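This report concerns only the one structure given below.
Residue numbers (the numbering used here), protein chains in the order written: chain A, 192 to 310; chain B, 26 to 139.
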């Protein structure tokens, strides 16, 4: 596809369950980011990949959260033992490279997000 | 602590008039600032950016102003159009090694009335 694709678009789960959220970045983009947006707040950085490796995971809130990008393209955000406070929209973004400068600036291309609701 | 703040949750303007969205920051290490626009059920889309070495950047109807001494930036939209109605996020980054690691404000919902 032309843009960043995220699945599922909506996920409802029960407290304590395991959840996986998938991100398919724009083809050829080497940098991939996960952000989380809670109600009434701006997106909050979680983790960044350059290629296959997690270059910065300082935003992951705790060890229940983990993300992988095994082949340097698709990424999966994994949340174990979900809690009600994990309810949010999880946004994925990609860019041609970390620190990429386009004609406009250091832009990230965001997907539409995966809305997670933990009951 | 909120390093990037948008103190106005909402703004309403008449079509054709100027919209001014404000953003304050506290981290003096920020060297790049961006504005994103977000429609409901869509991801944020990049609008305009400015480097800390500049004080103004213009792109069509959109102009961003940066006042480093006041740690304040603003987005001007002239003339405002109903299609500009969306949530606007201010974001900042620090250093070339962190350019995709953005710190976002809480957002301002702009409503442009026909």
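Built from N, CA and C at the ideal position, the CB exists for glycine as well. Just so you know, these numbers come straight off a predicted model, no measurement behind them.
In the displayed model, residue 244 of chain A falls within a strand according to three-state DSSP.
For residue 96 of chain B, the CB contacts under 8 Å within the same chain, skipping 5 residues up- and downstream, are 49, 50, 51, 53 in chain order. For residue 47 of chain B, the uninterrupted beta strand (DSSP E) segment begins and ends at 44-50. Counting only the Cα atoms, residue 126 of chain B lies some 31 Å from residue 107 of chain B. Distance from residue 129 of chain B to residue 29 of chain B at the Cβ level is roughly 6 Å; contact confirmed, criterion being Cβ atoms closer than 8 Å. Taking 8 Å as the threshold, the shortest C-beta distance from residue 224 of chain A to chain B falls below it.
Residue contact check for residue 239 of chain A against chain B: a CB pair falls below 8 Å.
Of the other Cβ atoms in all chains shown, fewer than 16 fall within 10 Å of the Cβ of residue 64 of chain B; this residue is therefore exposed. In this chain, the beta strand (DSSP E) harbouring residue 198 of chain A covers 196-198.
When the beta-carbon positions are compared, residue 119 of chain B and residue 26 of chain B stay at least 8 Å from each other. Where residue 63 of chain B is concerned, the enclosing beta strand (DSSP E) starts and stops at 57-63. Within 9 Å of the CB of residue 248 of chain A, no CB atom of chain B is found; the nearest one sits about 11 Å away. Secondary structure within the stretch 87-135 of chain B: not one fully enclosed alpha helix (DSSP H) run of 4 or more consecutive residues is present.
What residue 302 of chain A touches in chain B, judged by beta-carbon distance under 7 Å, is 68, going in chain order. Counting along the chain, residue 299 of chain A sits inside no beta strand (DSSP E), nor does DSSP assign it H or E at all. Distances from the alpha-carbon of residue 85 of chain B to those of B/113, B/72, B/139, B/37 put B/72 closest. The Cβ atoms of residue 301 of chain A and residue 286 of chain A do not sit closer than 8 Å to each other. Out of A/229, A/238, A/234, the CA that lies nearest to the CA of residue 267 of chain A is found in A/238.
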